[in-house]
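In full-length UniProt numbering, the protein residues as written are 1 to 366.
Backbone N, C-alpha and C fix where the C-beta goes; we use that ideal spot for every residue, glycine too.
Below: the structure, in structure tokens.
Right, here's the structure in full:
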């Protein structure tokens, strides 16, 4: 009877300890650098009322008769797991990534250093980097001249550290003074105003843009067969109706119409009124103006909606009332800027840029 009460009470006791540990973990959920703990339970040595017996003379073995005496707390483990990094936007808040590393702090009096994972630091009025308890973060400060107390710099104009020296409190002195040095190098760079007279005059250039389109073809085909009849040429849908180029009209198929894409292209290329040259190269139609820079007006009137020649060729066209106009001219101006090189004053360098001749704004290319 007494054993049963003791076992029950021991269970209540260890579970109370478990709740205490859980409460500690919850209470410190926002504590910087806190590591949660977990309890490890074990049972108390069992009381043996009857020993085990081995099997003999055909009779099987018998397990021992044991009664437990309850549970106890074996240990409390601290889980040293990397916590979640939090961005605080404060320069003196730092964190350590990885296990086994700590910040070293000291009160400046005790010979013993303390270790912490909490990186919430601040500068005190004297410039010492310290934690919330006023303990100074230990490290190495930049070396100073023993006579002038100025910071010592190397040839690269950087301060020096000596990690062989004992650790000391990290200190940042505001408005610190560096030794004065004479200027040894002066660099000058400049660019001339592009609107002023320069050694090289701007160059005006004109280009002609073509109309190009990749033509979708039927299943299993790679390109059109322009010599075949319209129904067999390979279009997704057979073109029909009328098209117009700069007012010159051409009929697609049917009575009096052109029987294939190739025949249509020959007729267009021979038309002085159309004023363009059309070719089918590399799976796409290319329409070029005979006179560079001249606009091209395209219309189509299909018998079946959506089956005009230009629509099936992926070329945008308008109607008779509202033709679609392609502007084939592209003008640009190349401007030059004279650059100065102080290291090579006897040499001339120029930078060029492409601009719109009317607005002088930079041009972009596709």
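- Residue range 296-301 is occupied by the beta strand (DSSP E) that includes residue 296.
- About 6 Å separates the beta carbons of residue 93 and residue 120, which is inside the 8 Å limit, making them a contact pair.
- Apart from sequence neighbours up to five positions away, the residues of its chain that approach residue 318 with a beta-carbon distance below 6 Å are 299, 324, ordered along the chain.
- The beta carbons of residue 268 and residue 308 sit no closer together than 8 Å.
- According to the DSSP secondary-structure assignment, residue 93 is paired through a beta bridge with 120.
- Where residue 74 is concerned, the enclosing beta strand (DSSP E) starts and stops at 71-78.
- Fewer than three beta-carbon pairs drawn from the segment 101-109 and the segment 83-91 are found closer than 8 Å, and the two stretches are therefore not classed as touching.
- Using a Cβ-Cβ distance cut-off of 8 Å, the segment 69-85 and the segment 4-15 are in contact, since at least three pairs of beta carbons, one from each stretch, lie closer than that value.
- Rounded to the nearest whole angstrom, the C-alpha separation of residue 359 and residue 326 is 22 Å.
- Distance from residue 350 to residue 362 at the Cβ level is roughly 17 Å; contact not present, criterion being Cβ atoms closer than 8 Å.
- Note that the C-beta distance between residue 172 and residue 160 is not below 8 Å.
- In the DSSP assignment, residue 43 forms a beta bridge with 71.
- In the DSSP assignment, the residues bridged to residue 103 are 116.
- Excluding its 5 nearest sequence neighbours in each direction, residue 67 has C-beta neighbours in its own chain below 8 Å: 3, 46, 47, 49, listed in chain order.
- The beta carbon of residue 239 is closer than 7 Å to those of 230, 252, 307, 308, 309, 312 in its chain, skipping five residues each way along the sequence.
- Taken through DSSP and simplified to helix, strand or coil, residue 56 comes out as strand.
- Between the C-alpha atoms of residue 222 and residue 237 there is a straight-line separation of about 15 Å.
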